[in-house]
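Here's the structure, in structure tokens; my notes come after.
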Amino acid sequence: MFSSFVPNQYVPSIYKINLEELKEKGMKSIIVDLDNTLVESDRRAATPLLIEWLERLQELGFQVMIVSNNNKTRVSQFAIPLQIPFIHKARKPLPKCFRKAMLELKTDINRTVMVGDQLLTDVLGGNRMGLYTILVVPISKTEGFFTKMNRRVERFVFRWMDKRGLLPREGNH
Ligand SMILES: [Mg+2]
Numbered sequence: 073m074f075s076s077f078v079p080n081q082y083v084p085s086i087y088k089i090n091l092e093e094l095k096e097k098g099m100k101s102i103i104v105d106l107d108n109t110l111v112e113s114d115r116r117a118a119t120p121l122l123i124e125w126l127e128r129l130q131e132l133g134f135q136v137m138i139v140s141n142n143n144k145t146r147v148s149q150f151a152i153p154l155q156i157p158f159i160h161k162a163r164k165p166l167p168k169c170f171r172k173a174m175l176e177l178k179t180d181i182n183r184t185v186m187v188g189d190q191l192l193t194d195v196l197g198g199n200r201m202g203l204y205t206i207l208v209v210p211i212s213k214t215e216g217f218f219t220k221m222n223r224r225v226e227r228f229v230f231r232w233m234d235k236r237g238l239l240p241r242e243g244n245h
């Protein structure tokens, strides 16, 4: 019933993603959520650590695109200085934004990873599309109303998955 919510990996943060392993799996593109995945939702610019991580992705040959449900001001202010392509008001989990991202990155479902902190948008959307999905623990606890509502549903789904041993932990996927 909830299998669309089960990510391929579940890690404490983006920095714990094994990038070499993704390469070995044949992945070449990473679609990544912004708020509470890359930085806190109230942090306007990238941290030095994030910039370092993005540079590493580039060195490894990954293409990156930010796909966020947040508005143009927020997403463009963050992404433009980093020179990373982005889609704002993406309406995840709907499939359109994922298709658009893959088209722009000239990639396909077999070589694309979706990374995000929300089951109901990032993981559900990515799984339905057939992407390799990585759930990260959200960075910050200051969240808007809709995110809070989503979290309540998430906790329910988490418990359901945990009981059935469906939640892949780090190093166990
Ligand atoms: Mg998020």
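Under the numbering used here, residues 73 to 245 are what the sequence shown spells out, in order.
We put the CB at the ideal spot given by N, CA and C, even for glycine.
A Cβ-Cβ contact shorter than 8 Å links L238 with V78.
Taken through DSSP and simplified to helix, strand or coil, V78 comes out as coil.
The nearest non-hydrogen atom of ligand 1 is less than 7 Å from the C-beta of N108.
Runs of the alpha helix (DSSP H) spanning 4 or more residues and lying entirely within the stretch 170 to 214 occur at 196 to 201, in chain order. Assignment of F158 by DSSP, reduced to helix, strand and coil, places it in the strand class. When rounded, the separation of the alpha-carbon atoms in T119 and L110 is 9 Å. Annotated as distal: N143 and L192, with beta-carbon spacing of 8 Å or more. Within the chosen limit of 7 Å, ligand 1 does not reach the beta carbon of D234 with any heavy atom. If you check the C-beta of G188 against ligand 1, you find a heavy atom less than 7 Å away.
Taking non-hydrogen atoms of ligand 1 into account, the C-beta of D114 is found less than 7 Å away from none of them.
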